[in-house]
Amino acid sequence: MDDAREQLRDLSARLVRLHALLLDRERHVYEDRHGPVGSWELLQLLLRDEQFAWLRSLSTLMAQIDAVVDADEPVAAPDAQGLMRDAYRLLSSGESGVFQDKYRAALQESADVVMVHAGVAGMLRRHRVG
Numbered sequence: 072m073d074d075a076r077e078q079l080r081d082l083s084a085r086l087v088r089l090h091a092l093l094l095d096r097e098r099h100v101y102e103d104r105h106g107p108v109g110s111w112e113l114l115q116l117l118l119r120d121e122q123f124a125w126l127r128s129l130s131t132l133m134a135q136i137d138a139v140v141d142a143d144e145p146v147a148a149p150d151a152q153g154l155m156r157d158a159y160r161l162l163s164s165g166e167s168g169v170f171q172d173k174y175r176a177a178l179q180e181s182a183d184v185v186m187v188h189a190g191v192a193g194m195l196r197r198h199r200v201g
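The working numbering puts the last residue of the sequence shown at 201; the count rises by one with no breaks.
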């Protein structure tokens, strides 16, 4: 297995944990207003509801990473670095946008999000991203 593929596989696993935490937080906010939702309804909300739209940039990045990891071709180091830079820009940049604003709020309110974020950031630093 090539190193670039393993790096992306590691990043993907970390982003899955982060996404799950963020989705769970957003689900609780939604359920407080509208009542409990099941798994199927949650998926539909994630795909279509404006309240969950901010998570789609992370979902899209995860899908891009998984597509590269699952491809039959070897993963080129520049491709892996590009995806890792995309993750860094999304999660660690000083940019302002809906995702960044909600993500910063989650970092302020949840120790679990901080811990998983630290793991992603540390992994990216080890690979000299950012």
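Here a beta-carbon is modelled for each residue, glycine too, at the ideal position from N, C-alpha and C.
Coarse secondary structure for residue i, derived from DSSP in three states
i, result
"S83", "helix"
"S128", "helix"
"S167", "coil"
"V191", "helix"
"R88", "helix"
"L106", "The sequence shown places Gly at residue 106, not Leu. It is coil, neither helix nor strand."
Residue i and residue j closer than 8 Å at C-beta
i, j, result
"L79", "A151", "yes"
Integer Cβ distance of residue i from residue j, believed to fall under 8 Å
i, j, result
"M155", "L86", "Not a contact, Cβ separation roughly 11 Å."
"L94", "L117", "7 Å"
"A65", "A75", "Nothing can be reported for residue 65: it is not among the residues displayed for the chain, which extend from 72 to 201."
"P149", "D73", "Their Cβ separation, rounded to whole angstroms, is 13 Å, which puts P149 and D73 out of contact at 8 Å."
"L162", "H188", "7 Å"
Candidates the options, of which the one nearest residue i by Cα
i, options, result
"D157", "L129, D103, M186, L113", "L129"
"I136", "A189, Q171, A84", "A84"
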